[in-house]
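Notes follow the structure.
There are 2 protein chains.
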Amino acid sequence: MQAKKRISEAVIRRLPRYLRYIGELKDNGIEKVSSSQLGEKMGMTASQIRQDFSYFGGFGQQGYGYSVQLLFDSMKQILLKDQGFTVIIIGAGNLGTALAKYNNFHDRGFDIIGIFDINPKLIGKTINSNEIMCIDKLEDFISEHQPDIAILSLPRSETKDIAVRVANSGVKGLFNFSPMDLKLPHDIPIENVHLSDSLMVLGYKIKNFQEEK
Amino acid sequence: MQAKKRISEAVIRRLPRYLRYIGELKDNGIEKVSSSQLGEKMGMTASQIRQDFSYFGGFGQQGYGYSVQLLFDSMKQILLKDQGFTVIIIGAGNLGTALAKYNNFHDRGFDIIGIFDINPKLIGKTINSNEIMCIDKLEDFISEHQPDIAILSLPRSETKDIAVRVANSGVKGLFNFSPMDLKLPHDIPIENVHLSDSLMVLGYKIKNFQEEK
DNA sequence: TAGATTGTTAATCGATTAACAATC
DNA sequence: TAGATTGTTAATCGATTAACAATC
Numbered sequence: 111m112q113a114k115k116r117i118s119e120a121v122i123r124r125l126p127r128y129l130r131y132i133g134e135l136k137d138n139g140i141e142k143v144s145s146s147q148l149g150e151k152m153g154m155t156a157s158q159i160r161q162d163f164s165y166f167g168g169f170g171q172q173g174y175g176y177s178v179q180l181l182f183d184s185m186k187q188i189l190l191k192d193q194g195f196t197v198i199i200i201g202a203g204n205l206g207t208a209l210a211k212y213n214n215f216h217d218r219g220f221d222i223i224g225i226f227d228i229n230p231k232l233i234g235k236t237i238n239s240n241e242i243m244c245i246d247k248l249e250d251f252i253s254e255h256q257p258d259i260a261i262l263s264l265p266r267s268e269t270k271d272i273a274v275r276v277a278n279s280g281v282k283g284l285f286n287f288s289p290m291d292l293k294l295p296h297d298i299p300i301e302n303v304h305l306s307d308s309l310m311v312l313g314y315k316i317k318n319f320q321e322e323k
Numbered sequence: 111m112q113a114k115k116r117i118s119e120a121v122i123r124r125l126p127r128y129l130r131y132i133g134e135l136k137d138n139g140i141e142k143v144s145s146s147q148l149g150e151k152m153g154m155t156a157s158q159i160r161q162d163f164s165y166f167g168g169f170g171q172q173g174y175g176y177s178v179q180l181l182f183d184s185m186k187q188i189l190l191k192d193q194g195f196t197v198i199i200i201g202a203g204n205l206g207t208a209l210a211k212y213n214n215f216h217d218r219g220f221d222i223i224g225i226f227d228i229n230p231k232l233i234g235k236t237i238n239s240n241e242i243m244c245i246d247k248l249e250d251f252i253s254e255h256q257p258d259i260a261i262l263s264l265p266r267s268e269t270k271d272i273a274v275r276v277a278n279s280g281v282k283g284l285f286n287f288s289p290m291d292l293k294l295p296h297d298i299p300i301e302n303v304h305l306s307d308s309l310m311v312l313g314y315k316i317k318n319f320q321e322e323k
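Going line by line, the protein sequences match chains P and D. The first sequence runs 111 to 323 under my numbering. The second sequence runs 111 to 323 under my numbering.
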């Protein structure tokens with residue numbers, strides 16, 4: 111086992127991808143895999159896979175490879191808390207609703223336990239057995255249920271204020287969909303999903319695709 | 111102007127972020143900015159900003175800095191085609207609908223010109239003046255309107271097939287929301303948005319946040 | 001002109017890949 | 001045991017930062 115060092119952002123971002131591929135192997139009843147087989151499948155070098163896994167202690171056996179089950183369990187343990195994570199969604203517009211109904215979150219260990227909006231027409235409605243609550247109840251709900259994560263699917267203009275409120279109340283991380291870089295006085299992990307940024311990257315690549323060949 | 115070399119992925123991914131910040135300066139009526147001012151604002155080094163801009167020829171003047179207007183126009187020109195991009199959305203479920211209503215795409219130069227679904231209950235409905243069409247009409251529509259990009263907001267099981275169909279019909283890039291890595295026989299740009307991967311990264315960071323301090 | 005700030009080259013840092021001894 | 005494949009160290013590659021001559 112390698113000496114414990116800080117895991118780089120690049121490595122962290124590969125972990126969910128490992129989990130997906132290993133889960134697939136498991137679902138196909140495959141019991142063992144070598145770093146070169148997995149590398150082939152994932153389009154990366156065997157070396158990088160072994161290097162990445164070794165940051166967490168290494169899960170393999172020389173001469174054999176990796177047990178898919180062990181790899182899967184280890185990766186889950188690295189990424190999830192024992193009970194998974196609890197999540198609230200703030201903003202029950204189209205995007206918030208879509209996210210509330212998105213089953214992949216639950217399947218990957220993220221449970222939505224509350225949905226909030228300011229619009230009286232939405233409050234009281236139910237999405238996947240979660241009743242939409244008035245945003246006035248945000249602080250009370252958080253202190254009672256201690257959700258780990260708040261998903262912010264709000265208009266840009268509301269995002270900063272609400273982010274400060276949830277961070278103040280003790281939420282541990284933010285998942286932000288507004289097209290802005292949230293800067294808070296609180297030092298907590300924030301994951302931004304900038305859909306139009308991603309689309310622009312795609313546009314750039316399309317534009318420059320032909321001439322690069 | 112630096113010799114023309116391949117722009118790295120890292121640089122490309124920063125471009126939309128530059129555009130956002132420069133647009134903000136412009137909206138605030140600010141006329142000039144230096145690399146160090148911009149770096150301060152964006153949380154990056156002045157050196158990186160100058161290096162990045164120089165890949166595209168450099169837009170500044172020694173001793174003065176950068177004209178915000180020129181920077182904005184240049185960045186738009188680098189990222190967008192003259193007429194912007196045309197986009198179709200395939201899959202008008204919750205996520206597809208949310209994306210169809212998401213105004214940021216339009217504001218950034220991406221115009222949605224068609225929406226498709228397989229569900230007869232949705233076909234004929236209208237989202238932002240786009241009527242949802244039956245997926246049977248996909249090929250005809252594409253050959254008539256030549257959209258640049260297809261957004262795939264489909265069930266995982268449908269994604270691969272539809273991706274192949276649109277790529278065959280001449281769509282130039284894919285924006286995929288299914289939790290899988292699309293591998294196609296066609297060599298075209300694909301941008302994956304893996305929401306649960308991002309959420310897992312956030313989970314990991316939350317889990318490891320305290321002990322790192 | 002003097003001061004400021006660029007664009008670019010060189011130095012550093014970090015991430016990926018290669019190599020190989022350890023060992024199952 | 002012999003063959004295979006890991007975990008880890010060393011080498012390479014690429015990206016970021018620093019330095020500075022060019023020049024507005």
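Glycine included, every Cβ here is placed at the ideal spot set by N, Cα and C.
Counting only Cβ pairs nearer than 9 Å, list the residues of chain D close to residue i.
i: Tyr212 of chain P; result: Asn204, Leu205, Leu305, Ser306
i: Tyr165 of chain P; result: The premise fails here: Tyr165 of chain P is roughly 12 Å from chain D at the closest Cβ pair, so nothing lies under 9 Å.
i: Lys231 of chain P; result: Within 9 Å Cβ-Cβ: nothing; Lys231 of chain P doesn't reach chain D, min ~16 Å.
i: Lys270 of chain P; result: Residues of chain D passing the Cβ test: none, with the nearest at roughly 14 Å.
i: Ile222 of chain P; result: Going along chain D, no residue has its Cβ under 9 Å from Ile222 of chain P, so there is no contact; the nearest lies around 11 Å.
Whole angstroms are fine: how far does the CA of residue j sit from the CA of residue i?
i: Glu119 of chain P; j: Lys231 of chain D; result: 44 Å
i: Ile225 of chain D; j: Tyr165 of chain P; result: 45 Å
i: Ile233 of chain P; j: Ser279 of chain D; result: 44 Å
i: Asp271 of chain D; j: Asp297 of chain D; result: 16 Å
i: Gln112 of chain P; j: Asp192 of chain D; result: With a pLDDT of 44 at Gln112 of chain P, under the threshold of 50, the modelled position of that residue is not reliable, and the figure given next carries that caveat. Using only the alpha carbons, I get a separation of about 52 Å.
i: Ala202 of chain P; j: Leu180 of chain P; result: 39 Å
i: Asp221 of chain D; j: Val197 of chain D; result: 6 Å
i: Gly139 of chain D; j: Phe182 of chain P; result: 53 Å
i: Leu309 of chain P; j: Asp217 of chain D; result: 12 Å
i: His304 of chain D; j: Gln172 of chain D; result: 42 Å
i: Ala277 of chain P; j: Ile316 of chain D; result: 13 Å
i: Met290 of chain D; j: Tyr174 of chain D; result: 48 Å
i: Gln161 of chain D; j: Gly313 of chain D; result: 33 Å
i: Leu189 of chain D; j: Phe163 of chain D; result: 13 Å
i: Gln355 of chain D; j: Ile252 of chain P; result: In this structure chain D extends from 111 to 323, so residue 355 of chain D is not present and cannot be described.
i: Phe256 of chain P; j: Gly168 of chain D; result: It is Gln, not Phe, that sits at residue 256 of chain P in the sequence shown. One C-alpha to the other measures close to 49 Å.
i: Gln187 of chain P; j: Thr236 of chain D; result: 45 Å
i: Ile132 of chain D; j: Gln320 of chain D; result: 35 Å
i: Lys286 of chain D; j: Asn302 of chain D; result: According to the sequence displayed, residue 286 of chain D carries Asn and not Lys. Rounded to whole angstroms, Asn286 of chain D to Asn302 of chain D spans 5 Å at the Cα level.
Just the chain D side, please: which residues come within less than 8 Å of residue i by C-beta, in chain order?
i: Ala208 of chain P; result: Gly203, Asn204, Leu205, Thr207, Ala208
i: Pro265 of chain P; result: Here the premise fails: no neighbours, minimum Cβ distance about 10 Å.
i: Lys282 of chain P; result: Ile316, Phe319
i: Ile200 of chain P; result: Going along chain D, no residue has its Cβ under 8 Å from Ile200 of chain P, so there is no contact; the nearest lies around 15 Å.
i: Ile122 of chain P; result: Val311, Tyr314, Lys315
Contact check, residue i vs residue j under 8 Å by CB: the rounded distance?
i: Pro288 of chain D; j: Leu262 of chain D; result: Per the sequence shown, the amino acid found at residue 288 of chain D is Ser instead of Pro. With 8 Å as the limit, Ser288 of chain D and Leu262 of chain D qualify as a contact, their Cβ atoms being about 6 Å apart.
i: Leu135 of chain P; j: Met185 of chain P; result: At roughly 12 Å, the Cβ-Cβ gap does not stay under 8 Å, so Leu135 of chain P and Met185 of chain P are not in contact.
i: Met214 of chain D; j: Ala208 of chain P; result: Reading off the sequence, residue 214 of chain D comes out as Asn, not Met. The pair is not a contact, with the Cβ atoms about 15 Å apart (cut-off 8 Å).
i: Asp258 of chain D; j: Gly283 of chain D; result: 7 Å
i: Tyr176 of chain P; j: Lys151 of chain P; result: With 8 Å as the limit, Tyr176 of chain P and Lys151 of chain P do not qualify as a contact, their Cβ atoms being about 13 Å apart.
i: Leu248 of chain P; j: Arg275 of chain P; result: 6 Å
i: Asp307 of chain D; j: Pro126 of chain P; result: 4 Å
i: Leu292 of chain D; j: Ile200 of chain D; result: Rounded, the Cβ-Cβ distance is 13 Å, inconsistent with contact.
i: Ile228 of chain P; j: Ile242 of chain P; result: So it is not a contact: roughly 10 Å between Cβ atoms.
i: Arg123 of chain D; j: Val311 of chain P; result: 6 Å
In this structure, does DSSP put residue i in helix, strand or coil?
i: Ile223 of chain D; result: strand
i: Val121 of chain D; result: helix
i: Asn229 of chain P; result: coil
i: Arg116 of chain D; result: coil
Give the interface partners of residue i over in chain P, defined as CB-CB distance under 8 Å, in chain order.
i: Leu262 of chain D; result: Here the premise fails: no neighbours, minimum Cβ distance about 12 Å.
i: Glu301 of chain D; result: Ser308, Leu309, Val311, Leu312, Lys315
i: Asn285 of chain D; result: Checking the sequence, you will find Phe at residue 285 of chain D rather than Asn. Per Cβ cutoff of 8 Å: Ser308, Leu309, Leu312.
i: Arg218 of chain D; result: Ser306, Leu309, Met310
i: Pro289 of chain D; result: Arg130, Asn214
Compute the minimum distance between the beta carbon of residue i and the heavy atoms of the ligand COA, and state whether it is under 8 Å.
i: Leu148 of chain D; result: Looking at this structure, you won't find the ligand COA or any other ligand, since it has none at all.
Using a Cβ cut-off of 7 Å, pull out every chain P residue sitting near residue i, in sequence order please.
i: Asp227 of chain D; result: Simply none; closest approach about 14 Å.
i: Asp258 of chain D; result: Ile316
Just the chain P side, please: which residues come within less than 9 Å of residue i by C-beta, in chain order?
i: Leu125 of chain D; result: Asp307, Met310, Val311, Tyr314
i: Lys191 of chain D; result: Gly313, Ile316, Lys317
Using a cut-off of 7 Å between C-beta atoms, extract the partners of residue i located in chain D.
i: Gly195 of chain P; result: The question names Gly, but residue 195 of chain P is Phe in the sequence shown. Gly313, listed in chain order.
Practice problem: Enumerate, from N- to C-terminal direction, the unbroken beta strand (DSSP E) stretches of 3 or more residues contained entirely within the region 127–211 of chain P. | Solution: 175–177, 195–200, all fully within the region 127–211 of chain P.
Exercise. Could you pull out every unbroken alpha helix (DSSP H) segment of at least 4 residues lying fully inside the region 235–321 of chain D, listed in chain order?
Key: DSSP assignment within the region 235–321 of chain D yields the following whole alpha helix (DSSP H) runs of 4 residues or more, N-terminal first: 248–255, 266–279, 305–317.
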